[in-house]
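> Below you'll find the structure I mean.
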Amino acid sequence: MPNRRIVLTGAGRGLGRAMVERFIAAGHVVYGCSQSAEPVAELQRKFKQGPHRFARVNVTNDQQVQEWAAEVLADGGPPDLLINNAAVCNKNAKLWDVPPDEFDWVIDTNIKGVYYVVRHFLPPMVATGAGTIVNFSSAWGRSAAAEVAPYCATKYAIEGLTLALAQELPAGMCAVPLNPGIINTDMLQSAFGEGAKEYPSPDRWAEKAVPYLLGLGPQDSGQSVTVPQ
1196 MPNRRIVLTG
1206 AGRGLGRAMV
1216 ERFIAAGHVV
1226 YGCSQSAEPV
1236 AELQRKFKQG
1246 PHRFARVNVT
1256 NDQQVQEWAA
1266 EVLADGGPPD
1276 LLINNAAVCN
1286 KNAKLWDVPP
1296 DEFDWVIDTN
1306 IKGVYYVVRH
1316 FLPPMVATGA
1326 GTIVNFSSAW
1336 GRSAAAEVAP
1346 YCATKYAIEG
1356 LTLALAQELP
1366 AGMCAVPLNP
1376 GIINTDMLQS
1386 AFGEGAKEYP
1396 SPDRWAEKAV
1406 PYLLGLGPQD
1416 SGQSVTVPQ
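Take any residue in the sequence shown, count from 1 to its spot, add 1195: that is its number in my numbering.
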């Protein structure tokens, strides 16, 4: 498979970090971002010999995303694969008990963050008529569960946003909402507690997920897809 230029949000931990490792091991060039300085510095140290670039970006800040996109696009053009992975989940609570600032945080990260990234990276991809956009959804974007209503709302939104986006793209491009499956991440531990240990680690998940992501293309556009278990 030809080397790809891959833009990935939420690269500092969990699924994002696992994908970074696998994509780079497979010979692809990764441009990743994280809101936290420490994981960005660690990624920069580990991969300093390669063409990869990692930046501290808060995806809820349109200006920061715009500046990051400008840097990435200036360093070789638009990505072949754009992955919106960054997301957060509210602490388990009935909807009426979720604090307004926490509700805003989930909405701003999981919906507006995706919009900002698409807004600044997609136009040059459309201009070339090529590229794949993968917006991470969830099983809770296709079904619901108690005490995670804000998170469910955002992932249902990602499904609709991405399926509509797919209809706006020129032929030859691809946009899909992706359910990654159930993985033992910090987010799952917050929701499931000790039960999260029953599910695969991000590294194990990435063994199947990364080849699957690399195989997505125009034939998949406009479909709600799921990483094979």
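Beta carbons are placed, not taken as given, at the ideal position from N, Cα and C, and that holds for glycine.
(1) According to DSSP, simplified to helix, strand and coil, what is glycine 1367?
(2) Quick check on alanine 1220: buried or exposed, where buried means 16 or more other Cβ atoms within 10 Å of its Cβ?
(3) Would the region 1315–1329 count as touching the region 1401–1420 if we require 3 or more Cβ pairs under 8 Å?
(4) Give the straight-line distance between the Cα atoms of alanine 1213 and glutamine 1244, rounded to the nearest whole angstrom.
(5) With C-beta atoms as the reference, is alanine 1401 less than 7 Å away from arginine 1217?
(6) Suppose you measure from the CA of glutamine 1230 to the CA of serine 1396; what does that come to, to the nearest Å?
(7) Under 7 Å between the Cβ atoms of alanine 1370 and leucine 1360?
(8) On the premise that glycine 1376 lies in contact with valine 1313, defined as a C-beta separation below 8 Å, what is that separation, rounded to the nearest angstrom?
(9) Thinking C-alpha only, which one of Thr1323, Asp1257, Val1343 is nearest aspartate 1292?
(10) Can you tell me whether threonine 1255 is helix, strand or coil according to DSSP?
(11) From asparagine 1280 to arginine 1248, what distance separates their C-alpha atoms?
(12) Pick helix, strand or coil for arginine 1399, following the three-state DSSP scheme.
(13) Using 8 Å as the threshold, is the region 1284–1298 in touch with the region 1230–1240, meaning 3 or more CB pairs across them?
(14) Could you check what DSSP says for leucine 1276 in three-state terms: helix, strand or coil?
(15) My understanding is that valine 1405 touches leucine 1356, with C-beta atoms under 8 Å, so please give their C-beta distance in whole angstroms.
(16) Among Tyr1311, Ile1278, Asn1305, His1315, whose alpha-carbon lies nearest the alpha-carbon of alanine 1269?
(17) Looking at the strands, I want to know which residues DSSP matches up with valine 1215.
(18) On the premise that tyrosine 1346 lies in contact with asparagine 1285, defined as a C-beta separation below 8 Å, what is that separation, rounded to the nearest angstrom?
(19) From what residue to what residue does the alpha helix (DSSP H) around phenylalanine 1331 run?
(20) Rounded to whole angstroms, what's the CA-CA distance from lysine 1403 to cysteine 1228? Just pull it up for me.
Answer, in terms of the structure:
(1) Mapped onto the sequence shown, residue 1367 falls at position 172. Of the three classes helix, strand and coil, the one that applies to glycine 1367 here is coil, per DSSP.
(2) In the sequence shown, counting from the first residue as 1, residue 1220 sits at position 25. Around the beta carbon of alanine 1220, a 10 Å sphere encloses fewer than 16 other beta carbons of the protein chains shown; the residue is thus reported as exposed.
(3) Three or more Cβ pairs closer than 8 Å define a contact, and the region 1315–1329 meets that threshold against the region 1401–1420.
(4) Position 18 of the sequence shown, counting from 1, holds the residue named residue 1213. Position 49 of the sequence shown, counting from 1, holds the residue named residue 1244. When rounded, the distance between both Cα atoms is 19 Å.
(5) By one-based count along the sequence shown, residue 1401 stands at place 206. By one-based count along the sequence shown, residue 1217 stands at place 22. One thing to note: alanine 1401 has its Cβ within 7 Å of the Cβ of arginine 1217.
(6) On the sequence shown, residue 1230 is found 35 positions in, with the first residue counted as 1. On the sequence shown, residue 1396 is found 201 positions in, with the first residue counted as 1. So the alpha carbons of these two residues sit roughly 22 Å apart.
(7) Within the sequence shown, residue 1370 is the residue found at index 175, counting from 1. Within the sequence shown, residue 1360 is the residue found at index 165, counting from 1. In this structure, alanine 1370 places its C-beta atom within 7 Å of the C-beta atom of leucine 1360.
(8) As a position in the sequence shown, residue 1313 is number 118, starting the count at 1. As a position in the sequence shown, residue 1376 is number 181, starting the count at 1. Going by Cβ atoms, the distance from valine 1313 to glycine 1376 rounds to 23 Å, so no, they are not a contact pair.
(9) To locate residue 1292, count along the sequence shown from 1; it is residue 97. Here the closest residue by C-alpha is Val1343.
(10) The count along the sequence shown starts at 1 and reaches residue 1255 at position 60. Coil.
(11) Counting from 1 along the sequence shown, the entry for residue 1280 is found at position 85. Counting from 1 along the sequence shown, the entry for residue 1248 is found at position 53. When the Cα atoms are used, asparagine 1280 and arginine 1248 turn out to be separated by approximately 17 Å.
(12) By one-based count along the sequence shown, residue 1399 stands at place 204. Residue state, collapsed to three classes: helix.
(13) Short answer: they don't touch.
(14) As a position in the sequence shown, residue 1276 is number 81, starting the count at 1. The answer is strand: DSSP assigns leucine 1276 an E or B state.
(15) Locating residue 1405 in the sequence shown gives position 210, where the first residue counts as 1. Locating residue 1356 in the sequence shown gives position 161, where the first residue counts as 1. About 24 Å separates the beta carbon of valine 1405 from that of leucine 1356, a gap too long to meet the 8 Å contact definition.
(16) Taking the first residue of the sequence shown as 1, we reach residue 1269 at position 74. The candidate whose alpha carbon is nearest that of alanine 1269 is His1315.
(17) One-based indexing of the sequence shown puts residue 1215 at position 20. Paired residue(s): none; valine 1215 is not in a bridge.
(18) Counted from its first residue, the sequence shown places residue 1285 at position 90. Counted from its first residue, the sequence shown places residue 1346 at position 151. About 6 Å separates the two Cβ atoms, so the contact holds.
(19) Counted from its first residue, the sequence shown places residue 1331 at position 136. First-last for phenylalanine 1331: 1326–1331, but that is the beta strand (DSSP E), not the alpha helix (DSSP H).
(20) Position 208 of the sequence shown, counting from 1, holds the residue named residue 1403. Position 33 of the sequence shown, counting from 1, holds the residue named residue 1228. The straight-line gap from Cα to Cα measures roughly 22 Å.
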